[in-house]
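Numbering (our numbering), first residue to last: 2 to 600. Ideal Cβ positions, reconstructed from N, Cα and C, are used throughout, including at glycine. What you are looking at is a predicted structure, and each value in this text was computed from that prediction instead of being measured.
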């Protein structure tokens, strides 16, 4: 059992690529937690996709033992958090489990948008924050300027920021000392009944559900019978342990400690993230406040390319949603694509990561429909419906008005690109709220409609600023606007999978682009095919795909022109009949290309 005053629980927060995972590697290595021969880059990023993209997706924890300069032994529980806005839910959860944070800022780049977003989460959780300037070994490093920026933009004292290079190991001993001397010890009552917070849970093929816990009061022992306060489920604890990053079994976790437990739980559904764990008999009275459930922001349909793989997809999605609490699913069917799932994500990167994991870990080829957001449809009778899929839009005669979600976006950008960024935001129906400067960088705050951001805003932002802008957003509220449902008709039949919600002023341009694209993608048939974009009964754009024709007059040589006419008229009548009964086959690739985000 560790004395409370000798424990430090902390997380590392930073913008993407500022060096969180590398700093975690150095802390693990310099304290001898992992032998040098077992060390590898991004030690705590276990998933292949994390290593490949070089980003952290799941927050991971590790227990480090450290002997300080005063000769005392300390236990440091570290959580390495993701930096990307789409995984902010992981960050907010991790923050509630610890008391302090290391704020890592790249001394060549300075404060970025996600630095702000993540540090505000730490401030909301009442953390003590120690600023750390990373990459000081690089020639472009400007520690003085970045310290000023931290004070101006974030408003925390950076006069005693620690200078480190996580890559080469400079300054790592100072970080360890600062954790011990400048971050607070946890509080907890060893004599009170068990009260522990469920921080995360995931499925392991051998152990069943593994639960990451932070003990607040009392003790968690192997063999205890525990109760989950949200679901009232009771389980016997099979094993208790800590991560050094490998799992290491111990007998008991005391107040202030972090570790894992398994309790032959079959389904992750029974372990609600943020739940309070207590003992079955003489448990604690009041549960912890828990975390707000995550709100999916972007929805899209996932369909297997081969319909026979639907059952495999169902199983894969159920396993993945166990591992990722912020991902929601429900079944849906589409005339064009067959059976599939409507899934909710926290953002586009989240969508990409889930799709990659499904294709890679479960070997299923997928079609992803155009991402859409949730609209609130206010009906004439006073009721409000949520619309997830534009194809389900109710009859317009019953609709009073439609509201769409708006976000507050914070963009940090070097001032030479500011004009392009303002133009991009204006084009996307944005309303400027604020524009301030921190050194040579502008910080722009915009109110934007989420459905304009979902398509390709982030890619466009990166391209107009040559990759120097950083972007972060939070949901604000719903607001009424002139929104319409645009349908695509092929041979006068509506195609559900291509329905989208668009702003009335943009509908024509959007519709024209879509039909032109489809004209290139759909192969020619024996009859001519009209491709139309329509709003309600009004056609706003049309292209006609010409028919493949056989030269029926080839065998006529000489003679009267009426012989040719007769043959051509006969062919024309045949084509007309064909068009009436003919079915247009739209190849799968055409759907995928038409729904690509570069529209």
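- The straight-line gap separating the alpha-carbon atoms of residue 339 and residue 150 is approximately 53 Å.
- In this chain, residue 282 is not harboured by any beta strand (DSSP E), its DSSP state being neither H nor E.
- DSSP links residue 344 through a beta bridge to 301, 330.
- In the DSSP assignment, residue 242 falls within the beta strand (DSSP E) that extends over 240 to 245.
- Nearest in C-alpha terms to residue 214, of all of 260, 248, 174, is 260.
- Take the alpha-carbon of residue 346 and the one of residue 300: they are about 6 Å apart.
- Relative to the Cα of residue 423, the nearest Cα in the group 447, 173, 168 belongs to 447.
- In summary, residue 441 is exposed, with fewer than 16 beta-carbon neighbours lying within 10 Å of its beta-carbon over all protein chains present.
- The count of Cβ pairs closer than 8 Å, one atom from the stretch 132 to 144 and one from the stretch 181 to 194, stays below three, leaving the stretches out of contact.
- Here the stretch 412 to 427 does not lie against the stretch 379 to 398, with fewer than 3 beta-carbon pairs under 8 Å apart.
- Looking at 539, 73, 122, the one whose alpha-carbon comes closest to that of residue 97 is 122.
- Taken through DSSP and simplified to helix, strand or coil, residue 462 comes out as helix.
- The three-state secondary structure of residue 96, taken from DSSP, is helix.
- With a threshold of 16 other beta carbon atoms within 10 Å, residue 160 falls short and is exposed.
- Taken in chain order, the complete beta strand (DSSP E) segments of 3 residues or longer contained in the stretch 200 to 263 are 209 to 218, 226 to 229, 235 to 237, 240 to 245, 247 to 251, 259 to 263.
- Rounded to whole angstroms, the gap between the alpha carbons of residue 255 and residue 107 is 36 Å.
- For residue 110, no beta strand (DSSP E) run applies, since DSSP gives it neither H nor E.
- Excluding its 5 nearest sequence neighbours in each direction, residue 258 has C-beta neighbours in its own chain below 6 Å: 216, listed in chain order.
- Taking 8 Å as the cut-off, the Cβ atoms of residue 488 and residue 500 count as close.
- In the same chain as residue 100, and ignoring 5 residues on each side of it, the C-beta atoms closer than 6 Å to its own belong to 10, 185, 187, in chain order.
- Counting only unbroken stretches of 4 or more residues, the alpha helix (DSSP H) elements lying wholly within the stretch 119 to 155 are 144 to 150, in sequence order.
- The C-beta distance from residue 415 to residue 374 rounds to 30 Å, too long to meet the 8 Å contact threshold.
- Membership of residue 406 in the beta strand (DSSP E) is indicated by the continuous run 400 to 415.
- Secondary structure of residue 473 (DSSP, three-state): strand.
- Apart from sequence neighbours up to five positions away, the residues of its chain that approach residue 16 with a beta-carbon distance below 6 Å are 84, 113, 115, 116, ordered along the chain.
- In this structure, the CA atom of residue 370 is about 7 Å from the CA atom of residue 498.
- Looking at the backbone, the Cα of residue 357 and that of residue 365 are separated by about 10 Å.
- For residue 310, no alpha helix (DSSP H) run applies, since DSSP gives it neither H nor E.
- For residue 177, the enclosing alpha helix (DSSP H) has its first and last residue at 173 to 183.
- Across the structure, residue 170 and residue 158 are spaced so that their CA atoms are roughly 24 Å apart.
- Proximity to residue 207 across 248, 173, 322 peaks at 248, based on C-alpha coordinates.
- A contact is defined here as three or more CB-CB pairs under 8 Å, and the stretch 539 to 558 meets this definition with respect to the stretch 517 to 526.
- Between the C-alpha atoms of residue 512 and residue 403 there is a straight-line separation of about 20 Å.
- Within 10 angstroms of the beta-carbon of residue 246 lie 16 or more other beta-carbons, which makes it buried.
- Boundaries of the beta strand (DSSP E) harbouring residue 504: 501 to 504, taken from the DSSP string.
- As DSSP reads the structure, residue 536 sits in a beta bridge with 487, 539.
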